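Trainee: Have a look at this one.
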Amino acid sequence: MLTHDAAMQWMARWDRQQEGYLPDREERFTVLIDAVEALGRPDPVVIDLGCGPGSLSARLLERLPEARVVCVDADPLLIGLGRAAYPGLRFVSADLRGGGWTELLELDRPADAAVSTTALHWISGPELKNVYAELATVLRPGGVLLNGDHMDTDDATPVLSGLERAVHERETERTFGRNRPEAWRAWWDAIEADPALAELNEARTTAGADHRGSESRLLSDHVKALEEAGFTEIGTLWQRGNNRLLCGVRG
Numbered sequence: 001m002l003t004h005d006a007a008m009q010w011m012a013r014w015d016r017q018q019e020g021y022l023p024d025r026e027e028r029f030t031v032l033i034d035a036v037e038a039l040g041r042p043d044p045v046v047i048d049l050g051c052g053p054g055s056l057s058a059r060l061l062e063r064l065p066e067a068r069v070v071c072v073d074a075d076p077l078l079i080g081l082g083r084a085a086y087p088g089l090r091f092v093s094a095d096l097r098g099g100g101w102t103e104l105l106e107l108d109r110p111a112d113a114a115v116s117t118t119a120l121h122w123i124s125g126p127e128l129k130n131v132y133a134e135l136a137t138v139l140r141p142g143g144v145l146l147n148g149d150h151m152d153t154d155d156a157t158p159v160l161s162g163l164e165r166a167v168h169e170r171e172t173e174r175t176f177g178r179n180r181p182e183a184w185r186a187w188w189d190a191i192e193a194d195p196a197l198a199e200l201n202e203a204r205t206t207a208g209a210d211h212r213g214s215e216s217r218l219l220s221d222h223v224k225a226l227e228e229a230g231f232t233e234i235g236t237l238w239q240r241g242n243n244r245l246l247c248g249v250r251g
């Protein structure tokens with residue numbers, strides 16, 4: 001049985017290992033939530049795409065307690081961890097790579113924003129187009145997608161792209177030096193060894209929550225997919241090296 005206290009301990013460990021890859025993770029969270037707040041509604045409807053255990057959504061609700069946030073992910077273990085840690089969040093189990101996931105959201109009005117951090121790059125280019133096209137059907141006109149992730153520009157500006165990665169690597173080295181936080185694989189190994197999580201781990205093996213196929217790591221992959229989905233303004237709202245917050249405005 002996963003208790004709230006145990007889930008919060010796992011969440012602290014999750015956040016720490018994520019920071020090992022993103023030393024400016026909290027700053028990106030802050031800017032993203034600033035943008036949601038700037039939309040002007042105290043009670044925005046927000047969809048968190050590939051939410052994992054809900055780190056972003058929990059911070060969003062701290063800032064905007066009247067917001068209605070729907071957290072979507074395909075991984076039953078991360079969802080189970082999030083439900084135990086953050087009982088105020090609503091989690092929906094759905095694979096964004098399959099069609100029809102928006103029907104599970106049960107929205108009573110179009111969403112004002114969709115947000116995501118370090119998740120959508122796992123979706124391949126063709127599948128990404130379908131995700132953004134379906135998302136557009138539940139976003140209000142003028143609603144936004146805010147996607148924080150590593151996005152490279154090797155196809156357009158390869159020298160600049162290399163410099164962006166170098167900036168990120170140097171910041172990471174300055175922040176952690178030899179004391180890097182726990183790695184992704186080590187965190188998962190520890191999760192799999194916890195008897196309290198055995199049932200969720202078993203569910204994970206059959207849920208199709210694995211990362212498969214090619215990644216959409218290029219900025220152009222996301223821009224093109226958003227354009228084809230009817231987003232009329234697309235640009236980088238914040239950037240540190242190749243770590244970006246990409247914003248798309250639904251037309």
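Heads up, the final residue of the sequence shown is numbered 251 in the UniProt record's numbering, and it's a clean run with no missing numbers.
For every residue, glycine included, the Cβ atom is placed at its ideal position computed from N, Cα and C.
Note that the structure is predicted; figures quoted are calculated from it, not measured.
1) Would you give the residue range spanned by the alpha helix (DSSP H) that E192 belongs to?
2) Span of the alpha helix (DSSP H) holding R244?
3) Touch check for the segment 144-154 and the segment 110-117: three-plus C-beta pairs under 8 Å?
4) Only counting runs of 4 or more residues, tell me where the alpha helix (DSSP H) segments fall wholly within the segment 13-55, in order along the chain.
5) Going by C-alpha distance, which of D221, R240, C247, G241 is nearest T232?
6) Who are the Cβ neighbours of W167 in its own chain at under 6 Å, not counting the five residues just before and after it?
7) Starting from the Cα of L49, find the closest Cα among D75, E26, L96, L77 and give me that residue.
8) I'd like the list of long-range same chain contacts for Y132, defined as Cβ closer than 6 Å, with 5 residues on each side in sequence excluded.
9) DSSP has D108 in a bridge; who is on the other side?
10) So G52 packs on L32, CB below 8 Å; how close in whole Å?
11) Quick one: grab the DSSP three-state call for residue 252.
12) In its own chain, which residues sit with a C-beta less than 7 Å from the C-beta of L197, not counting the 5 before and 5 after it?
13) When you compare only the Cα positions, how much space is there between A183 and P110?
14) Mapping the DSSP letters down to three states, classify S79 as helix, strand or coil.
15) Using a Cβ-Cβ cut-off of 7 Å (strictly less than) and excluding sequence neighbours within five positions of E127, which residues of its own chain qualify?
16) Give every residue of the same chain whose Cβ lies closer than 8 Å to the Cβ of V46, excluding the five residues on either side of it in the sequence, and list them in chain order.
17) Could you give the distance in angstroms between the alpha-carbon of Q194 and the alpha-carbon of G40?
18) Measuring straight from C-alpha to C-alpha, what distance separates Q9 and L160?
19) Along the beta strand (DSSP E) that carries E233, what are the first and last residues, could you check?
20) May I ask you to report which of helix, strand or coil DSSP gives A113?
21) Going straight from the alpha carbon of D189 to that of E62, what length do you get?
Mentor: In this structure, then:
1) 184-192
2) Here R244 belongs to no alpha helix (DSSP H); instead the beta strand (DSSP E) covers 243-250.
3) yes
4) 25-38
5) C247
6) In the sequence under discussion, the amino acid at residue 167 is Val, which differs from the Trp named in the question. Once the five neighbours on either side are set aside, the close Cβ partners of V167 are G241.
7) L96
8) A225, L226, A229
9) BP columns for D108 are empty, so no partner.
10) Not really, about 15 Å apart at Cβ, beyond 8 Å.
11) The structure shown does not extend to residue 252, since the chain spans only 1 to 251, so no value can be given for it.
12) L2, L77, I191
13) 38 Å
14) Note that residue 79 is Ile in the sequence shown here, rather than Ser. I79: helix per DSSP, three-state reduction.
15) R97
16) V36, S57, L60, A67, R68, V69, V70, A111, D112, A113, A114, V115
17) For the record, residue 194 in the displayed sequence is Asp; it is not Gln. C-alpha separation (whole angstroms): 43 Å.
18) 39 Å
19) 231-240
20) strand
21) 31 Å
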